[in-house]
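Residues 103 to 381, numbered by the numbering used here, are exactly what the sequence shown covers, in order.
No residue lacks a Cβ here, since even glycine has one placed at the ideal position from N, Cα and C.
Just so we're clear, the structure is a prediction, and the values are computed from it rather than from any experiment.
Structure, as structure tokens:
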Amino acid sequence: MSEPTGCCCAATTPSYCDHCDLLVGLDGLHVVDVDKTGHGVLVVTMESAPTVMGCPTCGVVAESHGRRTTTLVDIPCFARPTRLRWRKRTWRCLEPACPTRVFTEQDEQIARPRGLLTTRACRWVIEQVRREHASIHGLARQLGVAWKTVWGSIQPILATLADDEARFAGVTTLGVDEHLWHHVSPRKRGPKELTGMVDLTRDKDGRVRARLLDLVPGRSGTVYKTWLDQRGTAFKAGGRGRHPGPVPRLQERHRRQTRRRHRCPGCSPCGRPGRPGGR
Ligand SMILES: [Zn+2]
Ligand SMILES: [Zn+2]
């Protein structure tokens with residue numbers, strides 16, 4: 103059974119509640135209601151304050167056309183799956199010559215158009231995967247949605263990040279690590295063998311903060327050479343210029359470590375039993 107709980111201040115005054123807005127922390131939106139569904143999902147209803155809006159096409163001041171509610175999946179709040187009900191404002195352009203008739207409030211800081219997750223929920227999922235080794239399945243369970251909802255929301259963002267070459271800037275020391283990703287059919291789970299490129303550049307204090315730069319299918323010298331060629335001469339010169347010859351040396355060292363690890367009994371990276379006494 104639903105248990106509605108009015109916002110502490112908004113329930114008694116026409117103004118919005120600064121405390122609730124601070125708690126939710128979405129700039130430009132104000133809390134107008136907090137509710138809990140029978141399944142323990144927290145539902146926060148928010149809206150932007152009324153304001154004068156010009157038509158995005160012709161610039162003429164538009165007329166209010168009411169609100170349209172969009173429900174988004176947000177980051178879990180106080181260990182509960184959370185939904186954000188965004189009462190989006192809509193407007194109608196009164197200029198007869200303008201092709202735009204009705205338009206809806208959009209803010210990509212809150213959510214992408216037609217997105218299912220809020221922008222910050224997408225960012226949270228990616229950080230959990232990157233930094234905390236969380237699985238998409240586990241995150242979907244925490245958010246209270248299906249696996250494909252989470253993956254479908256972050257996959258385009260990850261693809262954009264993967265295409266961004268800016269992450270290769272400033273890399274002077276490169277590590278190469280082979281990994282056997284799984285032991286089932288590649289037709290079911292994709293490539294078995296992957297080569298990871300790791301940034302091993304030292305910071306100003308001389309410390310190495312290993313950062314995964316890329317993963318490419320296969321594990322051979324050709325794979326590595328192709329990847330290096332794709333980065334261009336400036337990248338290759340940057341690595342060898344400050345550390346003469348570090349790339350081939352690191353590549354060899356990592357390969358030997360990986361090979362040994364994968365033949366040890368109870369191999370921790372992949373969980374495979376391994377060959378008894380194998381090396
Ligand atoms: Zn309040
Ligand atoms: Zn217009």
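- The closest CA to that of residue 297, considering only 289, 307, 305 and 326, is found on 326.
- With a threshold of 7 Å, the Cβ atom of residue 121 counts as near ligand 1, since some heavy atom of the ligand is closer than that.
- Contact between residue 128 and residue 155 is ruled out by a C-beta separation of about 19 Å, above the 8 Å threshold.
- Per DSSP, reduced to three states, the secondary structure at residue 240 is helical.
- The three-state reading of DSSP puts residue 195 in coil, since its state is none of H, G, I, E or B.
- In the displayed model, residue 249 falls within a helix according to three-state DSSP.
- Of the other Cβ atoms in all chains shown, fewer than 16 fall within 10 Å of the Cβ of residue 199; this residue is therefore exposed.
- Each residue's CA atom was taken as its position, placing residue 212 and residue 166 some 21 Å apart.
- The secondary-structure analysis by DSSP pairs residue 210 with nothing; it has no beta-bridge partner.
- Burial is judged here by how many other beta carbons sit within 10 angstroms of a residue's own beta carbon; residue 267 has fewer than 16 and is exposed.
- Residue range 132-138 is occupied by the beta strand (DSSP E) that includes residue 138.
- Beta-bridge partners assigned by DSSP to residue 205: 193.
- Less than 8 Å separates the beta-carbon of residue 246 from that of residue 183.
- In the structure shown, residue 153 falls within a coil segment according to DSSP collapsed to helix, strand and coil.
- By a beta-carbon distance limit of 8 Å, residue 190 does not contact residue 216. Their separation comes to about 12 Å.
- The criterion of a C-beta distance shorter than 8 Å is satisfied by residue 179 and residue 144.
- In the displayed model, residue 188 falls within a strand according to three-state DSSP.
- By the beta-carbon neighbour count (other beta carbons within 10 angstroms, threshold 16), residue 301 is buried.
- Remark: the C-beta of residue 195 is in contact range of ligand 2, defined as less than 7 Å to any heavy atom.
- Not one heavy atom of ligand 2 sits closer than 7 Å to the Cβ of residue 179.
- Per DSSP, the unbroken beta strand (DSSP E) holding residue 277 starts and ends at 276-282.
- Judged by the Cβ position, residue 200 qualifies as a neighbour of ligand 2 at the 7 Å threshold, a heavy atom of the ligand being closer than this.
- Note on residue 159: under 16 other CB atoms within 10 angstroms of its CB, so exposed under the neighbour-count rule.
- The beta carbon of residue 218 lies closer than 8 Å to those of 174, 175, 247, 251, 254 and 255 in the same chain, with the five residues before and after it left out.
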